[in-house]
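Going left to right, the sequence shown walks through residues 275 to 403 as the working numbering numbers them.
Just so you know, even glycine gets a beta-carbon here, dropped at the ideal spot from N, CA and C.
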Amino acid sequence: MAVGQGKDHVRSFGCFTRDITDMARWLKSEGIVGVVMESTGSYWIPVSGILESHGFRMALVNASHVKNAPGRKSDVQDCQWLQKIYSVGLLRDSFIPTESIRRLRSYTRLKRRSYPTCKLSYPAHAQSV
């Protein structure tokens, strides 16, 4: 996590809820209002949700758009590069639906997955009607 380009502006955090909450507190203490993240599979979802619940404006960017110069790379260099190119406007946010839309999508997926099961559970009832 980088809040600037200096070594003292970079910190690492774990992946548990407590760790992400600590990250949110640190970001608040640094005066950060927005957070940019690379979209890496589904790993960004819980982090984004927790930070969003702490009032941060979340920006998700496509990882393939964040190309760095070839050579040795590290997490510190990557997070500082991401912070730098996003802050000067070289990256465009991906669409992140609102919490209510995400809940609705999740509900619809669940219904779609369980519908065939329900249909197969009552074939005799369906034929007699």
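Kindly indicate which residue of 299, 372, 348 and 286 has the alpha-carbon position closest to the one of residue 323. Looking at the Cα atoms, 372 is the closest of the given residues.
Neighbourhood of residue 325 by C-beta, 8 Å cutoff - its chain only, sequence neighbours within 5 removed: Cβ within range, chain order: 294, 297, 298, 301, 309 and 332.
Under the rule that 16 or more other beta-carbon atoms within 10 Å means buried, what is residue 356, buried or exposed? With 16 or more other Cβ atoms within 10 Å, it is buried.
Using a 10 Å radius around the Cβ and a threshold of 16 neighbouring Cβ atoms, would you call residue 353 buried or exposed? Under this definition residue 353 is a buried residue.
Tell me which residues share the same chain as residue 359 and place their Cβ nearer than 8 Å to its Cβ, disregarding the 5 neighbours each side in the sequence. Within the same chain, 340 and 365 come within 8 Å of residue 359 by CB-CB distance, once the 5 residues on both sides are set aside.
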